[in-house]
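A.B. asks: With positions in the sequence shown counted from 1, the corresponding number in this note's numbering is that position plus 3.
Just so it is clear, CB atoms sit at the ideal spot from N, CA and C, and this is done for glycine as well.
Quick one: structure below, then a few questions.
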Amino acid sequence: LKPAEKLLSNARLANPMMREALGQLPRPRRIVQLCTVEALSQIMATRPGTMLHGMVPFGDEDGKIENDTLTASGGAYRTMAGEWFDISFRCSVNVEKMQVTGFNYRLGDHKLTRDERAARGLPTE
4 LKPAEKLLSN
14 ARLANPMMRE
24 ALGQLPRPRR
34 IVQLCTVEAL
44 SQIMATRPGT
54 MLHGMVPFGD
64 EDGKIENDTL
74 TASGGAYRTM
84 AGEWFDISFR
94 CSVNVEKMQV
104 TGFNYRLGDH
114 KLTRDERAAR
124 GLPTE
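See below:
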C-alpha cells in the first residue's frame, strides 16, 4: 500500500449536513463512511476522468477496525461504464473530529472479470 500524497476528504467532511448525518452512525459505521469518502476522493485524484458509480470498500471477511483504523481488502469500485477495479486501503481517523488522519491504498490496474466479481459477491451484470 502506498501512502496518499495528500488527504482529500476533509473538505468534504466539513460539510455540516454530512457531519450531522455521520454523527448519528454507530462508531464502526462512521469509520467505514469516513474512509470510504477518502477512498473515493483518492480514486478520482489518481485516475482523473474516471466517472465513479460506487464502491464496495471491502469483502465480507476483509474489513477490520482496530484503534480507529480500518484495514480493508477485497473491495472494488465501479465506473459508470460498469467496470469494476480492485481497491485495498488502510485508513486512520479521528472519529470525534470526523477527520481522516492517514490513508494508504492500492488500486488494481485490470478490470475484474465476471468470475472475480461473482467470487466477491459483486454484481456480475
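(1) Using only the alpha-carbon positions, how far apart do N107 and E128 sit?
(2) Runs of 4 residues minimum, wholly inside the stretch 14–43: which ones carry the alpha helix (DSSP H) assignment?
(3) Which whole-angstrom value is the C-beta distance of L125 and V59, which I expect to be below 8 Å?
(4) In the DSSP output, what is N107 paired with across the bridge?
(5) Whose C-beta lies closer than 8 Å to the C-beta of L16 among residues of the same chain, with five residues either side of it excluded?
C.D. replies: Checking against the coordinates, here is how it stands:
(1) Position 104 of the sequence shown, counted from the first residue, corresponds to residue 107. Position 125 of the sequence shown, counted from the first residue, corresponds to residue 128. Distance between the alpha carbons of N107 and E128: 30 Å.
(2) For the alpha helix (DSSP H) assignment, the uninterrupted runs of no fewer than 4 residues enclosed by the stretch 14–43 are, from N- to C-terminal side, 19–26.
(3) Reading the sequence shown from its first residue, position 122 is the one you call residue 125. Reading the sequence shown from its first residue, position 56 is the one you call residue 59. With a Cβ gap of about 6 Å, L125 and V59 count as contacting.
(4) What you label residue 107 is simply residue 104 of the sequence shown in a count that begins at 1. Partner(s): P6, R93.
(5) Along the sequence shown, one-based indexing puts residue 16 at 13. Excluding residues up to 5 positions away in sequence, R22, L25, L37, V40, M101, Q102, V103 lie with their Cβ nearer than 8 Å to the Cβ of L16 in the same chain.
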